[in-house]
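Undergrad: Just so we're aligned, residue 2 is where the sequence shown starts under the numbering used here, counting upward by one.
Every residue, glycine too, gets a C-beta built ideally from N, C-alpha and C.
One structure follows; several queries about it will come next.
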Amino acid sequence: MAGDIDHKSVARAYAFWAPMYDFVFGAVFARGRFASIAAAEKACGPKGGRILEVGVGTGISLPDYARIHRIVGVDLSEPMLRKAHEKVAEHKLSNVEALCVMDAERMALPDQSFDVVVAQFVITAVPHPEATLDEFARVIKPGGEIILVNHIGAESGLRRIFEICFAPLAQLLGWRPGFRFGRLSDWAMRHGGVRLVERRPMPPMGHFALVRFERI
């Protein structure tokens, strides 16, 4: 399903935010970020694994992964990735294998080459979410996990009203403020090669959710 988002608008939005992204959004998204890292590390097991972070952005997550994990980060925004490269150098993150400019819908990565895909605040910021999820499933090994942290739109109530008010800022970030969980569950059913493992509300006020799928 095509949306009202295109690659140019997403790249433009994140080029604008790159210099200030960590300062403006780092604390707001911290709980979701730490939860997704913890889930990824648990899925990899105590010996570590190979993790693909899609939408790695400024690399704000990279220093928080245990060094036993090998990390590859991809992002559409070159200005954001420049910040990520700076973090790798600053923190001497030798476990980061690569940081690449790449379209999440068409990743130049081999099939079944990762234990986990992590995508924080990404799936509502791509033109074709289902095609992107297909790519996530393609690069995951059987038994591996797709871990999403994202805004999931409320169906009704006060949170729905708040989200309508928040929509202009969400659009500046390249997000779809009306994205519903049903799109994720419908995708999993159509795909047939994944199963939903967890859906957990995240702060602030449950506006975000951590969602985990296992590759069957």
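#1: What is the C-beta distance between Ile148 and Ser37, in whole angstroms, given that I count them as a contact (C-beta under 8 Å)?
#2: Only counting the same chain, and skipping five residues up and downstream in sequence, which positions put a Cβ closer than 6 Å to that of Thr59?
#3: Alpha carbon to alpha carbon, how far is Leu53 from Ala67?
#4: So, does the stretch 89-99 touch the stretch 108-128, judging by three or more C-beta pairs under 8 Å?
#5: Looking at the structure shown, is Ala105 part of a helix, part of a strand, or coil, going by DSSP?
#6: Roughly how many angstroms separate the alpha carbons of Ala132 and His192, rounded to a whole number?
#7: From Val102, Trp188 and Phe115, pick the residue whose C-alpha is nearest to that of Leu134; which is it?
#8: May I ask which residues mark the beginning and end of the alpha helix (DSSP H) holding His126?
#9: If you run the structure through DSSP and keep just helix, strand and coil, what is Lys84?
#10: With DSSP as the reference, please indicate the residues paired to His152 in a beta bridge.
#11: Met152: which of Val29, Ser10 and Val25 sits nearest, CA to CA?
#12: Look at the alpha carbon of Val73 and the alpha carbon of Val102, and state the distance between them as a whole number of angstroms.
#13: In terms of alpha-carbon separation, which member of Leu110, Asp116 and Pro204 lies closest to His70?
#14: Sort out for me which residues DSSP pairs Ala120 with in a bridge.
#15: Quick one: complete alpha helix (DSSP H) runs, 4+ long, within the stretch 20-72?
#16: Is Gly183 helix, strand or coil when you go by DSSP?
#17: Roughly how many angstroms separate the alpha carbons of Met108 and Glu79, rounded to a whole number?
#18: So, using beta-carbon positions, are Arg213 and Ile141 closer together than 7 Å?
TA: With the structure as the only source:
#1: 5 Å
#2: Tyr22, Asp23, Met81, Lys84 and Ala85
#3: 14 Å
#4: no
#5: coil
#6: Those two C-alpha atoms are separated by around 10 Å.
#7: Closest in alpha carbon position to Leu134, among Val102, Trp188 and Phe115, is Trp188.
#8: In the sequence under discussion, the amino acid at residue 126 is Ala, which differs from the His named in the question. It is not in any alpha helix (DSSP H) - Ala126 carries neither H nor E in the DSSP assignment.
#9: helix
#10: Phe209
#11: Strictly speaking, residue 152 in this sequence is His, with Met absent from that position. When only C-alpha atoms are compared, the closest one is Val29.
#12: 11 Å
#13: Asp116
#14: Ala120 pairs with Val55 and Leu149.
#15: 22-26 and 31-45
#16: If DSSP states are grouped into helix, strand and coil, Gly183 belongs with the helices.
#17: 15 Å
#18: no
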